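Heads up, the thing below is written out as structure tokens.
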Amino acid sequence: MEYIIIIISAVFVNNILLSQFLGVCPFLGVSNRSSTAIGMSGAVMFVMALATLCTWLLHYCVLVPLGIEFMQTVGFILVIAALVQMVEIILKKVSPALYQALGIFLPLITTNCAVLGVAILVVNKEFTFPGASHYLNLAQSVVIATAYAAGFGLAMILFAGIREQLDLVEVPASFRGTPIALITAGIMAMAFMGFAGIV
Amino acid sequence: MIKQITNGIIKENPTFVLVLGMCPTLGTTTSALNGMGMGLATLFVLVLSNMAISAVAAHIPGKVRIPAYIVIIAAFVTVLQLLMQAYTPALYETLGLFIPLIVVNCIVLGRAEAFAARNPLAASACDGLGIGLGFTLSLTLVGAVRELLGSGALFGLPIVAGGGITIFVLAPGAFIVLGFLMVLFNKISRSRQ
Amino acid sequence: MAKASTLTNMTVTLGAIAFLASAMLSAVFVFTAEPIRKVAAAKVDRAIGDVLPPFDNSPAIEMTETKIDGRTLRLYPARKDSRPVGIAVETSTGGGFGGEIRLMVGFLPDGRIYKTAVLSHAETPGLGDKIDARRSTFSLQFEGKDPATFNLAVRQDGGDVDAITAATISSRAFCDAVERAKKVIRN
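Chains as they are written, first to last, in this note's numbering: chain A, 10 to 208; chain B, 25 to 217; chain C, 186 to 372.
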């Protein structure tokens with residue numbers, strides 16, 4: 010039950026894109042077509058879960074015992090960059106099909122602020138399971154990271170669907186491209202605000 | 025030199041023309057001062073990392089270029105984090121997560137790759153300054169509009185009695201205000217041509 | 186322009202950059218450690234001053250810690266002319282909409298709440314951040330109330346506190362933190 014509440018809150022209420030503004034660049038950049046949006050979401054979910062696993066371990070097994078938490082930013086981004094490279098290499102060898110689907114998105118993910126953002130969020134912020142609040146343990150961290158990634162995917166895929174429809178309508182010249190996408194995202198964010206009532 | 029600075033403010037404005045660094049642009053502009061603080065924080069990192077990368081780029085082997093740049097940028101971001109905690113704690117708390125996220129701001133790595141790596145030190149510093157100022161101005165503008173509409177104030181000074189329309193300081197307002205400002209920017213640059 | 190990449194020069198360059206970066210960071214860390222500590226201390230001192238009547242001792246030095254509900258609360262006793270004027274309690278809750286909320290609550294010797302101050306929070310701007318006295322009058326309703334007769338819960342939960350419109354979760358969390366401070370004072 011606790012996990013369900015935390016998942017719903019991460020996917021809908023605190024949607025990483027529409028209420029926390031993390032990962033907006035790929036959101037606007039590769040959401041023109043549903044197929045690319047799905048690919049990007051898959052890649053982000055995969056990397057985000059893995060990255061959170063590694064950075065959680067780095068934080069609690071290296072940085073905290075050594076008392077050098079101030080190295081967090083440097084350490085985390087290095088781990089993520091290395092991880093993305095490794096995933097790319099391994100995927101190419103092990104599953105060419107999956108690499109075909111996700112490969113082109115992987116290099117973009119290092120600088121996707123959602124990945125680093127969630128990694129930092131998960132170790133720095135106290136989360137509340139009904140009852141007590143505490144820092145997350147490893148399993149909870151990975152679950153919540155995956156849930157955030159699912160929220161990212163949901164927003165991304167819905168948005169791509171809307172943008173495909175937008176291509177078919179006559180948009181005033183000055184609104185074309187990013188401006189109308191932003192305004193659409195604003196309306197979606199409003200809709201997502203409605204979820205605040207359910208948790 | 026001057027050209028490099030103005031270039032970043034208007035012709036290559038990172039927010040309205042290049043559409044980069046959207047996350048902090050949306051996430052921190054709940055007021056004009058917050059937007060300005062975020063812009064200046066990014067400016068600090070941009071100038072220093074541009075200078076450092078311009079100085080060492082020639083000695084870095086091609087294949088480890090990106091990781092090397094990321095380490096340099098992350099180091100300056102951490103310096104900024106520590107300095108802000110010490111001297112501007114209130115702003116540091118408000119901007120929160122978005123300060124460490126300067127590391128992955130596409131503007132910073134983008135300028136390192138596109139400009140600093142192939143230009144001399146002074147020019148790179150000016151480029152960082154220009155782009156940083158452009159970013160600061162855009163964020164201040166977005167912040168000012170949202171603050172005026174959302175809280176009825178400007179730079180913390182109340183202007184409209186009775187506050188504003190709260191939705192503009194919330195998430196949807198960020199997207200909508202930025203969208204309409206971009207429309208305005210497009211309109212102006214169109215009519216100029 | 187970029188040099189050819191060999192394993193040696195890649196390792197050496199990255200190692201050198203990482204070393205220089207760490208050296209720079211350590212230097213800045215040592216240099217800023219003292220100011221950062223002072224900022225935190227000054228913030229606590231200011232909050233104590235905000236929530237209690239005038240005093241002439243230094244409550245931060247006489248601070249004691251108590252554990253309750255798995256949280257650590259700090260008690261700062263304040264005196265004037267060696268007579269107690271109140272106790273400031275640094276309390277917290279994890280129930281906020283954006284995570285943890287930390288408060289300073291000042292209690293008078295008779296058990297009444299003198300004033301409250303928000304130390305840190307991550308509530309939504311425009312809604313939950315109204316728990317801060319600079320944003321709305323919400324927190325003022327606690328002033329002068331005696332927790333023995335004033336039920337520290339929002340009206341929706343059967344208490345005496347008027348919640349902030351559209352920010353019941355933040356209001357509830359605020360009450361939770363004050364309630365915890367009260368429990369400590371009672372013991």
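Glycine residues also receive a C-beta, built at the ideal position from the N, C-alpha and C atoms. Since this is a predicted model, take the numbers as computed values, not measurements.
Counted within 10 angstroms of its Cβ, other Cβ atoms place residue i as buried (16 or more) or exposed
i: B/M60; result: buried
i: A/M202; result: buried
i: A/C70; result: exposed
i: C/F216; result: exposed
i: C/M186; result: Annotation note: pLDDT 46 at C/M186 (below 50); position unreliable, coordinate value reported separately. So C/M186 counts as exposed.
i: A/I213; result: The structure shown does not extend to residue 213 of chain A, since chain A is modelled only from 10 to 208, so the question has no answer here.
i: C/S305; result: exposed
i: B/I123; result: buried
i: A/M95; result: exposed
i: B/T30; result: exposed
i: C/R320; result: buried
i: B/A185; result: exposed
i: C/G200; result: exposed
i: C/D331; result: exposed
i: B/V207; result: buried
i: B/G32; result: buried
i: B/M25; result: exposed
i: B/I34; result: exposed
i: C/S211; result: exposed
i: A/D176; result: exposed
i: B/I77; result: buried
Spatially closest choice to residue i from the options, by CA coordinates
i: A/F21; options: A/M57, A/V131 and A/F161; result: A/F161
i: B/P69; options: B/A56, B/L202, B/L153 and B/R216; result: Note on residue identity: the sequence assigns Val, not Pro, to residue 69 of chain B. Comparing Cα-Cα distances from B/V69 to each of B/A56, B/L202, B/L153 and B/R216, the minimum goes to B/L153.
i: A/Y157; options: A/S44, A/V53 and A/P188; result: A/V53
i: B/F199; options: A/R172, A/S28 and A/A19; result: A/S28
i: B/R89; options: B/E137, B/G63, B/L202 and B/E117; result: B/E137
i: B/L161; options: B/L44, B/A81, B/E36 and B/G63; result: B/G63
i: C/C360; options: C/Q341, C/N372 and C/R371; result: C/Q341
i: B/L106; options: A/I16, A/M80 and A/F168; result: A/M80
i: C/F204; options: B/V41, B/G180 and B/A92; result: B/A92
i: A/A60; options: A/S150, A/L191 and A/I77; result: A/S150
i: B/K87; options: C/T193, C/E328 and C/A351; result: C/T193
i: A/V83; options: A/I189, A/P74, A/L111 and A/T64; result: A/T64
i: B/T164; options: B/V43, B/T54 and B/I26; result: B/T54
i: C/K367; options: C/G343, C/V213 and C/D254; result: C/D254
i: C/F214; options: B/L157, B/F100, B/R216 and B/T118; result: B/F100
i: A/L67; options: A/F85, A/V56 and A/F55; result: A/F85
i: A/V93; options: A/L72, A/P116 and A/F168; result: A/P116
i: C/R297; options: C/Q326, C/A352 and C/I246; result: C/Q326
i: B/F159; options: B/Q109, B/L67 and B/L121; result: B/L67
i: B/N58; options: B/P196, B/A110, B/V169 and B/Q217; result: B/V169
i: A/F30; options: A/M165, A/I17, A/L147 and A/V178; result: A/M165
i: A/F184; options: B/L178, B/I212 and B/P196; result: B/I212
Bounding residues of the alpha helix (DSSP H) (the contiguous stretch that carries residue i)
i: A/K102; result: Q81 to V103
i: B/L165; result: L145 to S175
i: A/N23; result: No alpha helix (DSSP H) holds A/N23; DSSP gives it neither H nor E.
i: C/F335; result: Unbroken run through C/F335: none, as it is neither H nor E.
i: B/Q28; result: I26 to I33
i: B/T190; result: Where B/T190 is concerned, there is no enclosing alpha helix (DSSP H), given that its DSSP letter is neither H nor E.
i: A/I118; result: L115 to I118
i: C/E374; result: Absent from the model: residue 374 of chain C. The displayed extent of chain C is 186 to 372, so no value can be given.
i: C/I316; result: First-last for C/I316: undefined, no H or E at that position.
Host beta strand (DSSP E) of residue i (start-end)
i: C/T300; result: The question names Thr, but residue 300 of chain C in the sequence shown is Lys. Here the beta strand (DSSP E) through C/K300 covers I298 to S305.
Can you pull out the residues from the region 346-367 of chain C whose beta carbon lies closer than 7 Å to at least one beta carbon of chain B? none
Check your understanding: When Cβ atoms are compared, which residues of the region 150-169 of chain B fall closer than 7 Å to chain C?
Key -> none
### Proximal residues, the region 76-94 of chain B versus chain A, C-beta separation under 7 Å
P91 and I94
### Task
Please list the residues of the region 283-299 of chain C that have a C-beta atom closer than 8 Å to any C-beta atom in chain A, keeping them in chain order.
G284 and E285
Mind listing which residues of the region 247-275 of chain C have their C-beta closer than 7 Å to chain A's C-betas, in chain order?
G255
Closer than 7 Å, Cβ to any Cβ of chain C: which residues of the region 12-23 of chain A, in chain order? none
| Residue ranges of each beta strand (DSSP E) within the region 223-307 of chain C, 3 or longer | 249-253, 256-265, 268-281, 284-292 and 298-305
Margin query: If we require 3 or more residues per run, which beta strand (DSSP E) segments fall completely within the region 135-187 of chain A?
Written below: none
Self-check item: Near-chain C residues of the region 67-86 of chain A - C-beta to any C-beta below 9 Å
Solution: I77, F79, M80 and V83
Query - Within 8 Å of chain B by C-beta, residues of the region 190-202 of chain C in sequence order - result: S190, T191, N194, M195, T198, L199 and I202
Contact list for the region 161-194 of chain A against chain B, Cβ threshold 9 Å | P181, A182, S183, F184, R185, G186, T187, P188, I189, A190, L191, I192, T193 and A194
Near-chain A residues of the region 204-223 of chain C - C-beta to any C-beta below 8 Å:
A206, S207, L210 and F214
Those runs of the alpha helix (DSSP H) which lie wholly inside the region 87-143 of chain B and span at least 4 residues = 89-111, 113-119 and 130-138
- Query: Going along the region 102-117 of chain B in order, which residues come within less than 7 Å of chain C, judged by CB to CB distance?
  - Reply: T102, V103, L106, L107, Q109, A110, Y111, P113 and E117
Note down, one range per segment and in chain order, each alpha helix (DSSP H) of at least 4 residues found wholly within the region 55-86 of chain B.
56-80
Please name the residues in the region 172-195 of chain B whose beta-carbon is closer than 7 Å to at least one beta-carbon of chain C, in chain order. G174, T190, V193 and L194
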